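To start, the structure under review is shown below, and the notes come after it.
Below, the structure written as structure tokens:
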């Protein structure tokens, strides 16, 4: 086993002898990250929340960010999409590279950056409009016109999230009438409608029942063929079920990163071992 230190404390696990071709494929992806976080520091109202985060997110895979409450998971996720821009008294340093473009660079157009990333929040936030208009909202904002073109996008994305057959006869009905699980899938369809490269999820299933959670997890597993997915989860069982890679955070620091198989079966840092063993949560 070799370990590569990417920051002062974070351990990057890279097996010398992968156990399977799947493991080999995962290790190759680490060499071609779509998203790179470099020396990221975030302070809010003078309090340091993230400390020198260095992380590489491989493409077309699921990366889960785990750790106890208050460790900085959501702050890190929001930093990947510049969702802190409207927050007062925040200071950010370092770089977040997407397609070799620093989203915190000078003269970066924020709308352009956010178009590359779809966000799925903890609770679904449907817009106060119809099911159709929810999905069509993003393409319209970005200038797409023409009912046929919009209809094709809406149909394609509702099919992608397994919602088309459930709503095709009531596309003009208010989205708020959908069940909470359906609303979350609608929000995912809305995010996919602008053709992002990355899907971000912040505890995206925590408000859902087990059946709806399973549907969302199955969607993530299917969508990773075309998207890079980064999920904050407080549920170790979920990370074990769906993650290809796992980042463990503690007190605002990235402690350990590696393939899910390696991190869960052979964690290197004592804090990671204790967290996985359930010594703290």
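Numbering (our numbering), first residue to last: 1 to 281. By construction, the Cβ of each residue, glycine as well, lies at the ideal position given by its N, Cα and C atoms. Predicted model only: the values in this text are computed from it and were never measured.
Query                                                                                                                                      : Result
Tell me whether residue 103 counts as near the ligand GDP, meaning its Cβ is closer than 7 Å to at least one heavy atom of that ligand.    : Within the structure as shown, the ligand GDP is missing, as the structure has no ligands at all.
What's the C-alpha gap between residue 40 and residue 120?                                                                                 : 22 Å
Check each candidate in 248, 70 and 253 and name the one with the smallest Cα separation from residue 259.                                 : 248
Using DSSP's beta-bridge definition, name the partner residues of residue 291.                                                             : In the structure as shown, the chain begins at 1 and stops at 281. Residue 291 is therefore absent and cannot be evaluated.
How is residue 167 classed by DSSP in three states: helix, strand or coil?                                                                 : helix
Helix, strand or coil for residue 91? Go by DSSP, reduced to three states.                                                                 : strand
Tell me which same chain residues have a C-beta within less than 7 Å of the C-beta of residue 129, skipping the five on either side of it? : 175
Which residue comes first and which comes last in the beta strand (DSSP E) that contains residue 186?                                      : It is not in any beta strand (DSSP E) - residue 186 instead sits in the alpha helix (DSSP H) that spans 180-192.
If we count Cβ pairs, one from each stretch, closer than 8 Å, do we get three or more for the segment 124-138 versus the segment 99-106?   : no
How many Å lie between residue 43 and residue 276 at the Cα?                                                                               : 28 Å
For residue 55 and residue 272, I'd like the C-alpha separation in whole angstroms.                                                        : 16 Å
Based on the DSSP output, what are the partners of residue 118 in its beta bridges?                                                        : 199
Starting from the Cα of residue 123, find the closest Cα among 217, 281, 207 and 157 and give me that residue.                             : 207
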